[in-house]
Amino acid sequence: MRPKRNQYLLAGLGLVGVGLWLRFDPVISDLVVLIESQDNVNLSAYLLMGSGFLMTVLGFCGCFGAWRLHQFFLCTFFVLLLIVFCMELTCAVIAYSHQDIIKQYIENSMYQTIQHKYMENSKYRYIFDNIQSSFECCGVKSYRDWLYSKWSQDGGTRAELGIGAGNIGKVPPSCCNRDGLLAYPTDCGVSFDKMELWTYEHFLYLQGCSDALYHVAYQHLNIAIVVSVAVGTTQLFSMILSMLLCCCVNITSSSKPNY
Numbered sequence: 000m001r002p003k004r005n006q007y008l009l010a011g012l013g014l015v016g017v018g019l020w021l022r023f024d025p026v027i028s029d030l031v032v033l034i035e036s037q038d039n040v041n042l043s044a045y046l047l048m049g050s051g052f053l054m055t056v057l058g059f060c061g062c063f064g065a066w067r068l069h070q071f072f073l074c075t076f077f078v079l080l081l082i083v084f085c086m087e088l089t090c091a092v093i094a095y096s097h098q099d100i101i102k103q104y105i106e107n108s109m110y111q112t113i114q115h116k117y118m119e120n121s122k123y124r125y126i127f128d129n130i131q132s133s134f135e136c137c138g139v140k141s142y143r144d145w146l147y148s149k150w151s152q153d154g155g156t157r158a159e160l161g162i163g164a165g166n167i168g169k170v171p172p173s174c175c176n177r178d179g180l181l182a183y184p185t186d187c188g189v190s191f192d193k194m195e196l197w198t199y200e201h202f203l204y205l206q207g208c209s210d211a212l213y214h215v216a217y218q219h220l221n222i223a224i225v226v227s228v229a230v231g232t233t234q235l236f237s238m239i240l241s242m243l244l245c246c247c248v249n250i251t252s253s254s255k256p257n258y
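No gaps in the numbering here: position 171 of the sequence shown is 170 in numbering that gives the first Met the number 0, and each next residue is one more.
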């Protein structure tokens, strides 16, 4: 019975670890701030951590109940396992239900950040700069998204170039690649409002950030789903076996003669 108990202990610690990872991973933390969906993501993380804690208790109850053929511990094992199974199922459903719409959430929230929040809120500015530097990307789909930003238009020295004026604007220094930082060590990006922005392409990251962020978020959600399903399947079989053993104990106790 000791290996079985150790398996539940390891499974519990694994769930706690995944929950802590989802709760405190810096990429996920930045993402939930941008998409303003912190409650749902944190709920999934807390459900996993709670399930992991209960799994360690289950290891003792299941092992002791099976060893002593004690009906109370076997029933307790079944009830706790059912609670954990429901918690993990809820976590998996939350994660799965957000897969199809998370990319839209990310893009809409990033557009809102670029157009308004980047200028108005230093917290969003720090997070977005960190994302662009870490993933070597710029804007949502491309660097051109910054042309529609209040920050890009504020206080700029936009040249009067006729119909081309709509393509003039600056970008944050976090959009600059290695060549840009070498060519403009002190004012890369912020000084790019002298001419049309496409003329500075050589100095900028050309990839948008939405695809990179979606890929990372998708990986995190898949891990949470796989862990929940794998552990949940094991728990389902354990619930069936515990109930069968409980029924056998009950039948055995009832068949004993009374003296």
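Cβ coordinates follow ideal geometry from the N, Cα and C atoms, glycine included.
What do you get for Met86, buried or exposed, if any count of 16 or more other CB atoms within 10 angstroms of its CB means buried? Burial call: buried.
Which of the three DSSP states is assigned to Met109 in this structure? If DSSP states are grouped into helix, strand and coil, Met109 belongs with the helices.
Helix, strand or coil for Leu203, going by three-state DSSP, please let me know. Strand.
In the structure shown, what three-state DSSP assignment does Cys174 receive? Note: Cys174 maps to helix in three-state DSSP.
For Val83 and Met238, I'd like the C-alpha separation in whole angstroms. Computed Cα separation, rounded: 11 Å.
Which stretch, first to last residue, makes up the alpha helix (DSSP H) that contains Ile130? Where Ile130 is concerned, the enclosing alpha helix (DSSP H) starts and stops at 121 to 134.
Leu196 and Gly179 - do their beta-carbons sit closer together than 8 Å? Cβ atoms of Gly179 and Leu196: not closer than 8 Å.
Please say whether Gln131 and Cys74 have beta carbons closer to each other than 8 Å? In this structure, Cys74 lies away from Gln131, with their beta-carbon atoms at least 8 Å apart.
Using C-beta distances below 7 Å, list every residue in its chain close to Tyr199, excluding the 5 sequence neighbours before and after it, in chain order. Excluding five sequence positions before and after Tyr199, the CB atoms of its chain that fall closer than 7 Å to its own CB belong to Phe191, given in chain order.
Under the rule that 16 or more other beta-carbon atoms within 10 Å means buried, what is Ala182, buried or exposed? Burial call: exposed.
Taking the continuous alpha helix (DSSP H) assigned at Lys149, which residues delimit it? According to the DSSP assignment, Lys149 belongs to the alpha helix (DSSP H) that extends over 149 to 152.
Identity of the residue in Arg177, Gly231, Val139, Ala91 nearest Thr112 by Cα: Per the Cα distances, Val139.
Paired residues, beta bridge with Glu87 - DSSP: For Glu87, which the question treats as bridged, DSSP gives no partner whatsoever.
Taking contact to mean 3 or more Cβ pairs, one atom from each stretch, closer than 8 Å, check whether the stretch 200 to 213 and the stretch 223 to 237 are in contact. Verdict: no, contact absent.
Measuring alpha carbon to alpha carbon, tell me which residue in Gln103, Phe202, Leu81 is nearest Tyr213. Nearest in C-alpha terms to Tyr213, of all of Gln103, Phe202, Leu81, is Gln103.
Bridge-paired residues (DSSP) for Ile167: Ile167 pairs with Glu195.
Should Gln218 and Leu80 be called a contact, given that it needs their Cβ atoms to be closer than 8 Å? Their beta carbons are not under 8 Å apart, which means Gln218 does not touch Leu80 by this criterion.
For Met109, which residues in the same chain have their Cβ closer than 7 Å to its Cβ, ignoring the five residues on either side in sequence? Hits under 7 Å: Leu33, Val139, Cys208, Ser209.
Reduced DSSP secondary structure (H/G/I, E/B, other) of Ser190: The answer is coil: DSSP assigns Ser190 none of H, G, I, E or B.
Using alpha carbons as the reference points, say which of Ser96, Glu106, Arg124 lies closest to Ser141. Minimum Cα distance to Ser141 is reached at Glu106.
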